[in-house]
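S.K.: Have a look at this one before I ask anything.
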Amino acid sequence: MLTFLVPLRHPEASRNWSNVCARLSETLSSLQTCCESGDADIMLIANTAAQLPPLPPAVTVIRVSDPAPPVSIFRGESDDQARRAAVWRDKGRKLAAGAIAARARGSRYVMPVDADDLVSREIPAFVKAHAGSPGWYVTQGWLLPIGSRVGVILEDFLNWCGTYVIVRLDLLPLGDSVDGSDQAMISSWLGHHRDLLPALARQGHILQPLPFPAAVYRIGHGDNNFQRHSLVSEVFGWPKLKKNPRQYLRRLLKIRLFSARQEAIFTGTSGQPTGATVAGR
Numbered sequence: 095m096l097t098f099l100v101p102l103r104h105p106e107a108s109r110n111w112s113n114v115c116a117r118l119s120e121t122l123s124s125l126q127t128c129c130e131s132g133d134a135d136i137m138l139i140a141n142t143a144a145q146l147p148p149l150p151p152a153v154t155v156i157r158v159s160d161p162a163p164p165v166s167i168f169r170g171e172s173d174d175q176a177r178r179a180a181v182w183r184d185k186g187r188k189l190a191a192g193a194i195a196a197r198a199r200g201s202r203y204v205m206p207v208d209a210d211d212l213v214s215r216e217i218p219a220f221v222k223a224h225a226g227s228p229g230w231y232v233t234q235g236w237l238l239p240i241g242s243r244v245g246v247i248l249e250d251f252l253n254w255c256g257t258y259v260i261v262r263l264d265l266l267p268l269g270d271s272v273d274g275s276d277q278a279m280i281s282s283w284l285g286h287h288r289d290l291l292p293a294l295a296r297q298g299h300i301l302q303p304l305p306f307p308a309a310v311y312r313i314g315h316g317d318n319n320f321q322r323h324s325l326v327s328e329v330f331g332w333p334k335l336k337k338n339p340r341q342y343l344r345r346l347l348k349i350r351l352f353s354a355r356q357e358a359i360f361t362g363t364s365g366q367p368t369g370a371t372v373a374g375r
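For what it's worth, the numbering used here labels the leading residue of the sequence shown as 95, then goes sequentially.
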């Protein structure tokens, strides 16, 4: 019914590959919990040079041979327009490869998942119960620093994170191969996470919001290409208050404890916050 697509960055585009793999393992563990019902599986799309950690049983690896992006993918280290174009192309082509493979094996829906995020185990059952719909997007989701029990429930999650949409595969105009597909469409629809919903809406396919917090966007681990460090820097700093006091207050009221119950929903376990060993980097 549903395939989670996890595009993994090129090793040469990483600052700390062991850190990338640690976050990947946590993401795949979260997705494995979602696959226990048999209604979902996972495709990890990785470069041929990528050395991978041990993988859960629901994961299929798709290898691609694209070179590393030609500029730094980290915000502030290269021209931002060139950086964004490189990230969108690399991510889009990986997701296209995964979507084509998922379509070939009979999946009906795909959900792109960034390789450092967590997702709710409620997703596969919801998709199965509403099969036939064009898809859904994530409005409610967590912004959570690595190793922290305190996060914020964002009400505009899709504007923050690439783990934001579930789409019916037949709505993606992909050819039989990545190179045989429209490259501008791949970069725009799949690489840039704000373009897909408007593009589908123009074709008459209106996706609906998921009615529950569906994903966790984890920050502060050093390998996020937008270099998001903490709740203070991203949400609660003085510039945020000065720019939009009402939004600041709304988000202040959305501070929540990422409890053992939440950990069970997103990881299948409870106890030490996921990624606690790198807190404070």
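Cβ coordinates follow ideal geometry from the N, Cα and C atoms, glycine included.
Owing to the predicted nature of the structure, the values given are computational and were not obtained by experimental measurement.
Go through its chain and collect everything with a Cβ distance to TRP230's Cβ below 7 Å, but skip five positions before and after it.
M.R.: ILE260, LEU301, GLN302, PRO303 and LEU304
S.K.: Sort HIS287, VAL246 and ARG288 by Cα distance to LEU343 and report the nearest one.
M.R.: Shortest Cα-Cα distance from LEU343 to any of HIS287, VAL246 and ARG288 involves VAL246.
S.K.: Between which residues of its own chain and TYR203 is the CB-CB distance below 7 Å, once the five residues before and five after are set aside?
M.R.: MET95, LEU96, VAL221, GLY229, ILE260, VAL261, ARG262 and LEU263
S.K.: CA-CA distance, LEU290 and GLY362?
M.R.: Distance between the alpha carbons of LEU290 and GLY362 is about 30 Å.
S.K.: Write down the C-beta distance between VAL232 and ALA309 rounded to the nearest angstrom, noting that I regard them as a contact closer than 8 Å.
M.R.: 5 Å
S.K.: State the DSSP-derived secondary structure class of THR368, mapped to helix, strand or coil.
M.R.: Any answer about THR368 is weak, because its pLDDT of 49 lies below 50 and its placement is not dependable; what the coordinates show is given next. Judged by DSSP in its simplified three-state form, THR368 adopts coil rather than helix or strand.
S.K.: Below 8 Å between beta carbons: does that hold for ILE280 and GLY192?
M.R.: no
S.K.: Since VAL329 contacts ALA209 with CB under 8 Å, what's their CB separation in whole angstroms?
M.R.: With 8 Å as the limit, VAL329 and ALA209 do not qualify as a contact, their Cβ atoms being about 23 Å apart.
S.K.: Just to confirm, are ILE136 and VAL158 a CB contact at a threshold of 8 Å?
M.R.: no
S.K.: Check the DSSP bridge columns for LEU212 and list the partner residues they point to.
M.R.: VAL310
S.K.: ILE359 lies in the alpha helix (DSSP H); which residues open and close that run?
M.R.: 354-361
S.K.: May I ask which residues mark the beginning and end of the beta strand (DSSP E) holding PRO206?
M.R.: 203-206
S.K.: Tell whether a beta-carbon distance below 8 Å holds between LEU125 and VAL244.
M.R.: No, the Cβ-Cβ distance between LEU125 and VAL244 is not below 8 Å.
S.K.: Excluding sequence positions up to five away, which residues of its chain have a Cβ less than 7 Å from the Cβ of HIS287?
M.R.: GLY256 and TYR258
S.K.: Roughly how many angstroms separate the alpha carbons of PRO150 and ALA116, rounded to a whole number?
M.R.: 13 Å
S.K.: Beta-carbon separation of PRO163 and VAL181 under 8 Å?
M.R.: yes
S.K.: Does DSSP classify PRO101 as helix, strand or coil?
M.R.: In the three-state scheme derived from DSSP, where H, G and I count as helix and E and B as strand, PRO101 is classed as strand.
S.K.: How about THR121 and ASP211: are their beta carbons less than 8 Å apart?
M.R.: yes
S.K.: Following the continuous alpha helix (DSSP H) through TRP182, name the residue where it begins and the one where it ends.
M.R.: 174-198
S.K.: Can you tell me whether DSSP reads ALA264 as helix, strand or coil?
M.R.: Position check: residue 264 holds Asp in this sequence, whereas Ala was assumed. Correct three-state label for ASP264: helix.
S.K.: Under 6 Å Cβ to Cβ from LYS334, same chain only, skipping five residues before and after it: list those, please.
M.R.: The answer, listed in chain order, is TYR342.
S.K.: Roughly how many angstroms lie between the CA atoms of SER282 and ALA295, to the nearest whole one?
M.R.: 14 Å
S.K.: Between which residues of its own chain and SER271 is the CB-CB distance below 8 Å, once the five residues before and five after are set aside?
M.R.: For SER271, same chain residues with a beta-carbon under 8 Å away, outside a window of 5 residues either side, are ILE194 in chain order.
S.K.: Using the rule of at least 16 other Cβ atoms within 10 Å of the residue's Cβ for burial, across every protein chain shown, is ALA176 buried or exposed?
M.R.: exposed
S.K.: What residues are listed by DSSP as bridge partners for ALA140?
M.R.: BP columns for ALA140 point to ARG157.
S.K.: Which residue marks the beginning of the beta strand (DSSP E) containing CYS239, and which one marks its end?
M.R.: The identity of residue 239 in the sequence shown is Pro, whereas the question assumes Cys. Segment 235-239, the beta strand (DSSP E) holding PRO239.
S.K.: Going by DSSP, what residues sit across from ILE247 in a beta bridge?
M.R.: Its beta-bridge partners are TRP236.
S.K.: Assign TRP111 to one of three DSSP states: helix, strand, or coil.
M.R.: helix
S.K.: Where does ALA162 fall in DSSP's three states?
M.R.: coil
S.K.: Smallest Cα separation from HIS104: which of ASP133, ALA134 and LEU146?
M.R.: LEU146
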